[in-house]
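What follows is a set of notes on a single structure, which appears directly below.
There are 2 protein chains.
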Amino acid sequence: MVEAPRSTRQRRAVSALIADLDGFSSAQQIHARLVAEGETVGLSTVYRTLQALADSGEVDALRADDGETLYRNCSRGHHHHLVCRSCARTVEVEGPVVEQWADRIAAENDFTDVSHTLEIFGTCGSCRTGVGS
Amino acid sequence: MVEAPRSTRQRRAVSALIADLDGFSSAQQIHARLVAEGETVGLSTVYRTLQALADSGEVDALRADDGETLYRNCSRGHHHHLVCRSCARTVEVEGPVVEQWADRIAAENDFTDVSHTLEIFGTCGSCRTGVGS
DNA sequence: ATTCTTGCAAACTATTTGCAGAACA
DNA sequence: TGTTCTGCAAATAGTTTGCAAGAAT
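Just so you know, the sequences run in chain order A and B.
Sequential numbering from 1 applies to the first sequence in the working numbering.
Sequential numbering from 134 applies to the second sequence in the working numbering.
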């Protein structure tokens, strides 16, 4: 049997913060932000909490290219990100096409419990115009 | 100007080994295998070489869920992966639909120089059947 | 009261880097 | 010969874990 975790100040703080976040954040960023808000939480606890949340499916976890694990709220609908390489501006986009494609591909190969990660990178208009390197 | 790297015994050994590999291997696995074959190569050199190869586009690099970076030969064109969560079996898939969708989304938001990452995860047939939990 | 959780510090893993000597062009 | 490359060891970065003290039920 799976036990529901106890409700503690720390876990509530982490969950609350995550619920407010739009994009992805690393465990360290989340911890830093909590501390900045005046919460007293240990970094290990943040890691442990995020892992638990990810295991239970309440948050999505994904590895960034630099090796950090990023987490994001998973309550709102599934969507992806269009991120500017230069200024990191992020646009949330939905892709029914992609979802369906991914499901179909998985089915064709006899895979179940399908999930996927998708990020699009590019240079946004402002960065192209305004910022010469 | 980009300088072509020098041809050394170590780099040749790494390239040769990668060319022989079918799936993904970590830097450590590649190093271990080279040593096993009798090559004398330092681990750092393997890391540096793989990075260079990845930068120049000669190999694909991808982060595994456990944090290791995996490399594979990149002779064929752009494609994505369908990976089994349980046994890590990987199927290479192509997605013209996705490529087009990504380009269109980016264009709609005035982004240029578009690239994207996409991985699909699931549980493969064998793992579903064979492994009862 | 008992059991789960926290936080610190130390341990770990994968990867990167400084530097002196070796290898290439 | 003048760079570039290598290998070692030490340094990083992110994350995990042991354990004693603190909370939750």
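C-beta atoms are modelled at their ideal positions from N, C-alpha and C, and glycine is treated no differently.
Keep in mind the model is a prediction, meaning the values are calculated, not measured.
Within the model, the alpha-carbon separation for B/Asp198 versus A/Ala27 is close to 16 Å. With respect to chain B, the C-beta atom of A/Phe121 has a partner C-beta closer than 7 Å. Chain-ordered, the chain A residues with CB closer than 8 Å to the CB of B/Leu215 read Ile105, Ala106, Asn109 and Phe111. Taking a cut-off of 8 Å on C-beta distances, the segment 171-191 of chain B does not touch the segment 224-242 of chain B, as fewer than three cross pairs fall below it. Non-local beta-carbon contacts of B/Ala194 in its own chain, meaning distances under 6 Å to residues more than five positions away in sequence, involve Ala187, Thr202 and Tyr204 in chain order. Taking a C-beta distance under 7 Å as the contact criterion, B/Thr256 and A/Asp22 do not qualify as a contact pair. Bridge pairing for B/His213: B/Val226 [DSSP].
Taking B/Val230 as reference, the option from B/Gln162, B/His212 and B/Cys217 with the minimal CA-CA separation is B/His212.
Among the bridge pairs identified by DSSP, A/Asn73 is matched with A/Val59.
Proximity to B/Ala185 across B/Gly171, B/Ser140 and B/Asn242 peaks at B/Ser140, based on C-alpha coordinates. Between B/Val192 and B/Ala146 a beta carbon distance of about 14 Å is seen, past the 8 Å cut, so the two are scored as non-contacting. Judged by beta-carbon spacing, B/Ile253 lies within the 7 Å limit of A/His116, meaning their Cβ atoms are closer than that value.
The beta-carbon of A/Ala27 is placed no less than 7 Å from the nearest beta-carbon of chain B.
A/His31 is positioned such that its CB atom lies no closer than 7 Å to that of A/Leu17. Contact between A/Gly67 and B/Arg218 does not hold, since the beta-carbon distance rounds to 20 Å and is not under 8 Å. The shortest C-alpha to C-alpha distance from A/Ser15 to any of A/Asn73, A/Arg128, A/Ala4 and A/Glu39 is the one to A/Asn73.
Among the residues facing chain A, B/His211 is not included, as its CB has no counterpart in that chain under 7 Å away. Take the alpha-carbon of B/Ala235 and the one of B/Glu170: they are about 43 Å apart. Per DSSP, the beta-bridge partners of A/Glu119 are A/His81 and B/Thr250.
Nearest C-alpha to A/Thr129 among B/Phe244, B/Gly258 and B/Cys260: B/Phe244.
Listed along chain A, the residues sitting closer than 9 Å to B/Gly228 by beta-carbon distance are Val98, Trp101, Ala102 and Ile105.
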